[in-house]
Amino acid sequence: MSWYRERRRSLLRMLLEYVEELERAAEEALESFFVERPAWDVRRSCIEPLMDVFIGPDEVIITMDMPLVKPETIRVRPVEEGLIEVVAEMKKAIRPRDLGVVHIDGEIREMRARARVPVPVETKSLRFVFRKGILEVRLPRRRGRASEHE
Amino acid sequence: MGEEVHVVEKEPIKPGQVVVVGLPDVGLVGVIATHYLISKLGLREVAYIRSDLLPPIAVLHGGLPHSPVRIFGDDGLLVIFSEAAVPADAVAPLSRAIVEWCRSKEAKLIISLSGIPVPNRQDIEEPSVFGAASLPETLEVLRKHDVGILESGIMVGPYALILRYCAEAKIPALVLTAQCFFSYPDPEASAAILAKLSKILGIEIDTEELIRKGEEIRLRARDIMRRTQMELAKMRKAQELDIPLYA
Numbered sequence: 288m289s290w291y292r293e294r295r296r297s298l299l300r301m302l303l304e305y306v307e308e309l310e311r312a313a314e315e316a317l318e319s320f321f322v323e324r325p326a327w328d329v330r331r332s333c334i335e336p337l338m339d340v341f342i343g344p345d346e347v348i349i350t351m352d353m354p355l356v357k358p359e360t361i362r363v364r365p366v367e368e369g370l371i372e373v374v375a376e377m378k379k380a381i382r383p384r385d386l387g388v389v390h391i392d393g394e395i396r397e398m399r400a401r402a403r404v405p406v407p408v409e410t411k412s413l414r415f416v417f418r419k420g421i422l423e424v425r426l427p428r429r430r431g432r433a434s435e436h437e
Numbered sequence: 242m243g244e245e246v247h248v249v250e251k252e253p254i255k256p257g258q259v260v261v262v263g264l265p266d267v268g269l270v271g272v273i274a275t276h277y278l279i280s281k282l283g284l285r286e287v288a289y290i291r292s293d294l295l296p297p298i299a300v301l302h303g304g305l306p307h308s309p310v311r312i313f314g315d316d317g318l319l320v321i322f323s324e325a326a327v328p329a330d331a332v333a334p335l336s337r338a339i340v341e342w343c344r345s346k347e348a349k350l351i352i353s354l355s356g357i358p359v360p361n362r363q364d365i366e367e368p369s370v371f372g373a374a375s376l377p378e379t380l381e382v383l384r385k386h387d388v389g390i391l392e393s394g395i396m397v398g399p400y401a402l403i404l405r406y407c408a409e410a411k412i413p414a415l416v417l418t419a420q421c422f423f424s425y426p427d428p429e430a431s432a433a434i435l436a437k438l439s440k441i442l443g444i445e446i447d448t449e450e451l452i453r454k455g456e457e458i459r460l461r462a463r464d465i466m467r468r469t470q471m472e473l474a475k476m477r478k479a480q481e482l483d484i485p486l487y488a
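Line order of the protein sequences matches chains A and B. For the first sequence, position 65 (counting from the first letter as 1) is numbered 352 according to our numbering, and the numbering increases by one without interruption. For the second sequence, position 27 (counting from the first letter as 1) is numbered 268 according to our numbering, and the numbering increases by one without interruption.
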């Protein structure tokens, strides 16, 4: 019976963790959609790309529109569980003035983004390609804990 | 409903012209294409849209305020162009007002430029252009210029309503849609649609600069794209990818 109780407690803990993950992902999605903030930050010299996260049955595909970046400088890495960071240098530094913003000084030298993946994935198997200025990151979904819930 | 949106003419506008419409939609195909057209043909602002349904913004050009939705023109051609995302609630009144104004101006033909999202856009070198028409005889224009006809399916957004209202009013109208990205600005799709438009209108439009400056345009367009996506989600734009009930 103690095995049964332990197993139940373990499943319950996993379920709670999963719900927490979902809540965090939902909060972040809401924040990214509804909080008004500029896409660029001259203090950090970066601009955020447009991005999309597609959750398929076997893999998660993150795409980012990354015009004017040097393809050879693109770095994609997991920074923590379910969080992927992408950084790339711009082909040339862009001043806000170049984009018609005359009241802010500074330069944009890189494109930088963090994408939250709302389901467990195998970050070690991360693959990415860059075509037509679009970055496509593929992450296989992790089997095991997720499939127990499903 | 029509009174919520006003078209304010800055100068007398001759009747019987062709009207090209570029409002924010998937891939910003119409917006990018019409902006390029206005710039290349050197069209001047002849009218603008005034409405409390539009966002409370003024678009500054040369330090002077302008409406986000304006009408440019020259002899024989009028171009309606929006520099800001159109709120989902304003789409129907704006579309109605555009069609009523076009009717009052006895528009010869209304051509809306848009995009049709495809999941494998990255694999497509030259986006194809498809179309639909308000009247059976207007479909002939598409056939004549080798534009694939969207035989069935669902259209969502201002172009869908402009086409429907034009059909009701028996105004000849076309919607041209180029294969494009769903979430990202797509200047290549705009170039493809301008190539077809140039044939339909019988005018030359060199799209070399549009392709060359494509990356810069994508960077500039990212914010209007983001805001447009939020409005498209409210309109249930993804319905366009639904399989039609009857073909």
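Where is the CB? At the ideal position from N, CA and C, for every residue including glycine.
- Beta-bridge partners assigned by DSSP to B:Ser-323: B:Val-310.
- Taking 8 Å as the CB threshold, A:Gly-369 stays off the interface with chain B.
- Fully contained in the segment 350-437 of chain B are the following alpha helix (DSSP H) runs of length 4 or more, in chain order: 377-385 and 399-410.
- Beta-bridge partners assigned by DSSP to B:Ala-288: B:Glu-250 and B:Ile-312.
- A:Thr-350 sits buried, since 16 or more C-beta atoms from the chains shown fall within 10 Å of its C-beta.
- In the three-state DSSP reduction, A:Glu-397 falls in the strand class (E or B).
- The distance from the Cβ of A:Asp-345 to that of A:Arg-428 is about 6 Å, consistent with a contact at the 8 Å cut-off.
- Taking a Cβ-Cβ cut-off of 7 Å, the neighbours of B:Arg-461 in chain A comprise Leu-386, given in sequence order.
- Of all residues in the segment 417-432 of chain A, those with a C-beta nearer than 9 Å to a C-beta of chain B are Arg-418, Lys-419, Gly-420, Ile-421 and Glu-423, reading in chain order.
- DSSP places A:Val-374 inside the beta strand (DSSP E), whose first and last residues are 370-381.
- In the DSSP assignment, B:Thr-275 falls within the alpha helix (DSSP H) that extends over 270-282.
- With fewer than 16 other Cβ atoms from the protein chains shown falling within 10 Å of its own Cβ, B:Asp-447 counts as exposed.
- Using a Cβ-Cβ cut-off of 7 Å, A:Leu-337 is close to Ser-424, Tyr-425, Arg-463, Met-466 and Arg-467 of chain B, given in chain order.
- A:Arg-414: member of the beta strand (DSSP E) spanning 414-418, first to last residue.
- In the three-state DSSP reduction, A:Arg-362 falls in the strand class (E or B).
- The straight-line gap separating the alpha-carbon atoms of B:Pro-297 and B:Glu-378 is approximately 40 Å.
- For the segment 347-368 of chain B, the set of residues with a beta-carbon nearer than 7 Å to any beta-carbon of chain A comprises Gln-363, in chain order.
- In this structure, B:Leu-417 lies near B:Val-370, with their beta-carbon atoms less than 8 Å apart.
- B:Ile-298 carries a coil assignment under DSSP once its states are collapsed to helix, strand and coil.
- A residue is called buried once 16 or more other Cβ atoms fall within 10 Å of its Cβ, and A:Ile-342, having fewer, is exposed.
- In the three-state scheme derived from DSSP, where H, G and I count as helix and E and B as strand, B:Ala-333 is classed as helix.
- Between B:Pro-428 and B:Ile-254, the C-beta gap is not smaller than 8 Å, which leaves the two residues out of contact.
- Burial of B:Asp-266 is indicated by the presence of at least 16 other C-beta atoms within 10 angstroms of its C-beta.
- Under a criterion of Cβ atoms nearer than 7 Å, the residues of chain B adjacent to A:Ala-326 are, in order, Arg-463 and Asp-464.
- A Cβ of chain B is located within less than 8 Å of the beta carbon of A:Pro-354.
- Chain A places a beta carbon closer than 8 Å to that of B:Glu-456, counting this residue as a contact.
- Three or more pairs of CB atoms, one per stretch, sit closer than 8 Å, so the segment 421-436 of chain B contacts the segment 361-369 of chain B.
- Proximity to A:Pro-407 across A:Leu-309, A:Asp-392, A:Leu-298 and A:Leu-299 peaks at A:Leu-309, based on C-alpha coordinates.
- Burial check for B:Ser-393: the Cβ neighbour count within 10 Å stays below 16, so the residue is exposed.
- Of the other Cβ atoms in all chains shown, 16 or more fall within 10 Å of the Cβ of B:Ser-323; this residue is therefore buried.
- Around the beta carbon of A:Pro-354, 16 or more other beta carbons lie within 10 angstroms, which makes this residue buried.
- Listed in chain order, the non-local C-beta contacts of B:Val-300 below 6 Å within the same chain comprise His-307, Pro-309 and Glu-324, local neighbours out to five positions each way being set aside.
- The beta carbon of A:Pro-336 sits closer than 6 Å to those of Met-351, Asp-352, Met-353, Met-398 and Ala-400, all from its chain and outside the five residues before and after it, given in chain order.
- Ranked by Cα distance from B:Glu-286, the options B:Ile-458, B:Arg-459, B:Asp-315 and B:Leu-264 are led by B:Asp-315.
- Straight-line measurement puts the Cα of A:Pro-325 at about 26 Å from the Cα of B:Thr-275.
- Beta-bridge analysis with DSSP links A:Ile-334 to A:Trp-327 and A:Met-398.
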